[in-house]
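Data first, discussion second: the structure below is written as structure tokens.
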Amino acid sequence: MIRLHHVPFSRSFRVLWFLEELGLEVEIVRYSIRDGSMRAPELLAISPAGRVPGIEIDDLSMFESGAILEYLAETHTEAGFDCPPGHPERHRYLELLHFAETMGALIENLNMQHLFLYNPKDASPVVIKILTARLRGTLKALEGMLREEGYLLEKGFTAADAMMGFNLFAAPYYVKLDPFPKLRAYRARLEARPAYQRAREKDGEQDFYEKDFYPVPEGA
Ligand SMILES: N[C@@H](CCC(=O)N[C@@H](CS)C(=O)NCC(=O)O)C(=O)O
1 MIRLHHVPFS
11 RSFRVLWFLE
21 ELGLEVEIVR
31 YSIRDGSMRA
41 PELLAISPAG
51 RVPGIEIDDL
61 SMFESGAILE
71 YLAETHTEAG
81 FDCPPGHPER
91 HRYLELLHFA
101 ETMGALIENL
111 NMQHLFLYNP
121 KDASPVVIKI
131 LTARLRGTLK
141 ALEGMLREEG
151 YLLEKGFTAA
161 DAMMGFNLFA
171 APYYVKLDPF
181 PKLRAYRARL
191 EARPAYQRAR
201 EKDGEQDFYE
211 KDFYPVPEGA
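For the sequence shown, the positions run 1 to 220 when UniProt numbering is used.
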């Protein structure tokens, strides 16, 4: 039994996508960041900070997308989406899997500034400018690490790609990817994966981005 506590187009999409990659059945419980549903006791029992993803797998439950993906990859090694201790790319696997959350936290803070403040006038143009520059810096770093083909690791698709890949669909709301050709090609390779497309069909409608792009406010 696998039950995923999920907000459409949030970090829980990483888990939804990875479950599809592994061919595992999932029951989805959906929430919205906007309507208070994330304070539900059933979510807090699994994810005590009231964040998604939370997951129930038979008798255990977990939160934190990176930990969940590592756990799923390690308990389904037949798929080859893990990178075990002793593998020559192990250090890169861990580095990129966790670097995805450096980028994810910047996107989250930009979401807060642009979308989720009760009073939009409380947003800080200077903070938005700094966060946007820092997000661009992480994208530039990733561009420098990518190869012309394949995935993050030479060994092929891994949990690190599902972690990082999600970011590449969210970051362009704040930073245009035009200057990053390797990133765009990598994103297209991820998007072409059948499991990614099946996960998108299961995801649900996101209810926070209303525009395609949110620029840094003028005068920041
Ligand atoms: N590092 C955590 C972050 C989880 C997280 O903050 N998720 C966001 C959605 S992307 C959330 O639940 N936000 C609800 C809120 O901030 O109230 C992970 O990767 O699972």
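Don't be surprised by glycine CBs; every beta carbon is placed ideally from N, CA and C.
Quick one: Cα of E74 to Cα of M1, how far?
For E74 and M1, the distance between alpha carbons rounds to 17 angstroms.
I want to check one thing, is the minimum distance from the CB of V7 to the heavy atoms of ligand 1 below 7 angstroms?
Answer for V7: yes, Cβ within range of ligand 1.
Extent of the continuous alpha helix (DSSP H) run through residue 284:
It is not possible to answer for residue 284, since the shown part of the chain is limited to 1 through 220.
Who are the Cβ neighbours of V26 in its own chain at under 6 angstroms, not counting the five residues just before and after it?
Its chain contains I2, L4, L19 as the residues whose beta carbon lies nearer than 6 angstroms to that of V26, once the 5 sequence neighbours on both sides are disregarded; these appear in chain order.
Alpha carbon to alpha carbon, what distance is there between P125 and A160?
Approximately 32 angstroms, taken between the alpha carbons.
Count the other C-beta atoms from every protein chain shown that fall within 10 angstroms of the C-beta of H87, then say buried if there are 16 or more, exposed otherwise.
Counting Cβ neighbours within 10 Å, H87 comes out exposed, since fewer than 16 surround it.
Assuming V15 contacts Y31 (C-beta within less than 8 angstroms), just tell me the rounded distance between them.
Taking the Cβ atoms as the reference, V15 lies roughly 14 angstroms from Y31, outside the contact range of under 8 angstroms.
What is the DSSP secondary structure of S12, counted as helix, strand or coil?
Helix.
Locate the beta strand (DSSP E) running through M30, then write down its first and last residues.
Position check: residue 30 holds Arg in this sequence, whereas Met was assumed. First-last of the beta strand (DSSP E) with R30: 27 to 30.
For my contact list, E89 and E154 are in at a C-beta cut-off of 8 angstroms; report their separation, rounded to the angstrom.
Indeed they touch by this definition, with Cβ atoms about 6 angstroms apart.
When every heavy atom of ligand 1 is checked, does at least one fall within less than 7 angstroms of the C-beta of G204?
Checking the 7 angstroms criterion, the Cβ of G204 is out of range of every heavy atom belonging to ligand 1.
Under 8 angstroms, do E21 and A195 count as touching if we go by C-beta distance?
Against a cut-off of 8 angstroms, the Cβ pair of A195 and E21 comes out as a contact.
How about T102 and T138: are their beta carbons less than 8 angstroms apart?
A contact, by the Cβ cut-off of 8 angstroms.
Can you tell which of E201, R184, I128, I57 has the C-alpha that lies nearest to the C-alpha of G219?
Its Cα nearest to that of G219, the residue I128 stands out among E201, R184, I128, I57.
Going by the DSSP bridge assignment, what does L4 pair with across the sheet?
Per DSSP, I28, I55.
Going by C-alpha to C-alpha distance, which of L43, Y209, E143, S47 sits closest to Y174?
When each option's Cα is compared against that of Y174, the closest is Y209.
Figure out for me which residue from Y93, S61, L60, N111 has the closest Cα to the Cα of P11.
The sequence as given places Arg at residue 11; Pro does not occur at that position. Closest in alpha carbon position to R11, among Y93, S61, L60, N111, is N111.
Proximity to L60 [Cα-Cα], best of L24, A45, G50, R34
L60 has its Cα closest to that of A45, out of L24, A45, G50, R34.
Could you compute how far the alpha carbon of A188 sits from the alpha carbon of K211?
For A188 and K211, the distance between alpha carbons rounds to 21 angstroms.
Can you name the start and end residues of the beta strand (DSSP E) that F81 belongs to?
Boundaries cannot be given for F81, as no beta strand (DSSP E) includes it and DSSP labels it neither H nor E.
Rounded to the nearest angstrom, how far is the Cβ of K182 from that of E143, given a contact under 8 angstroms?
Confirmed, Cβ separation roughly 5 angstroms.
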